[in-house]
Each structure stands twice: as structure tokens, then as C-alpha cells.
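J.: Starting off with a structure, shown below.
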Amino acid sequence: MDLEILVISELDAYSVGDLNISLAYYILKNQKLEGRIKNIQDLMASFGGVITEDEAKELILQKHYDLVAEQLERFLNAIRRTVIFVFENFWDKYAVAATTVEREREETLQELNDFLSKLNYI
Numbered sequence: 398m399d400l401e402i403l404v405i406s407e408l409d410a411y412s413v414g415d416l417n418i419s420l421a422y423y424i425l426k427n428q429k430l431e432g433r434i435k436n437i438q439d440l441m442a443s444f445g446g447v448i449t450e451d452e453a454k455e456l457i458l459q460k461h462y463d464l465v466a467e468q469l470e471r472f473l474n475a476i477r478r479t480v481i482f483v484f485e486n487f488w489d490k491y492a493v494a495a496t497t498v499e500r501e502r503e504e505t506l507q508e509l510n511d512f513l514s515k516l517n518y519i
């Protein structure tokens, strides 16, 4: 009973004009919410709606393929860098100009000829 008296006394405190203003406010708010809901529904419809199970499987497989391809590319790039480093190291270590090789060959041939002539083979 006390609750009913309290509700009635609260209603008496409001005038009809205040109730009309409150009602108009809630109607406006409801219209705005309905507009937002419609916008969200339109946006969802523009996405193409709900995808099928086959489309979901295809998307998952594509995602996995992209991840594996990315990891494979990283691995291959690391191997390429290693191979390039090894060959650059060999190049730095063993690179000799052709003229230097020919000059050393001529010197070696000259020494060999000297030895052979001392042994009377030439």
C-alpha cells in the first residue's frame, strides 16, 4: 500500500505538461535508437550478410595460407642472406685478379724450368 501511495503522490507532483514533455523526450530518443538500429542493419546488409560455412572455411584456409606463405618467405630470405654472406666472404677471401694469377704462374714456371735445367732435363 505504501508503494502505491508513493507512486500516486509522485504522479501528483508532476503536472500533465511535464509528463507530455517526458513522453515526447522518450519518443524522440526511441526514434533515434530505431534510426541507429536501422543504420546498423543497413551496414550489416552491405557487408553481404551472413557468410556460409563453405565461405568461412575458404576464408580460414586463405588466412592459414597467407600465414604459412609469410613464414616461408621469411625463412627463404634468411637462407638467401646466409648464402649471400658466405659467397661474399669467399669473394673477399679468395678474389684474385687474373693478372696476378698469370704473373704467379709465370714465376712458378720459371722456377720449375730452373730446377729442370739444373737437373739437365731441359
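All the letters of the sequence shown, read from the start, carry residue numbers 398 to 519 under my numbering. For each residue, glycine too, the CB sits at the ideal point set by N, CA and C.
Taking 8 angstroms as the limit between beta carbons, can you name the residues of its chain near T497, skipping five residues before and five after?
T.: Once the five neighbours on either side are set aside, T497 has no close Cβ partner at all.
J.: Within the continuous alpha helix (DSSP H) that includes N474, where are the two ends?
T.: E450 to Y491
J.: Identify the continuous alpha helix (DSSP H) that holds V498 and give its terminal residues.
T.: A495 to K515
J.: Determine the DSSP secondary structure at Y518, reduced to helix, strand or coil.
T.: coil
J.: In angstroms, rounded to a whole number, what distance separates the CA positions of L400 and K435?
T.: Reliability fails at L400, whose pLDDT of 47 lies under 50, so the model's placement of it is uncertain and the value that follows must be treated cautiously. When rounded, the separation of the alpha-carbon atoms in L400 and K435 is 39 angstroms.
J.: Hey, how far is the Cα of E431 from the Cα of Q459?
T.: 37 angstroms
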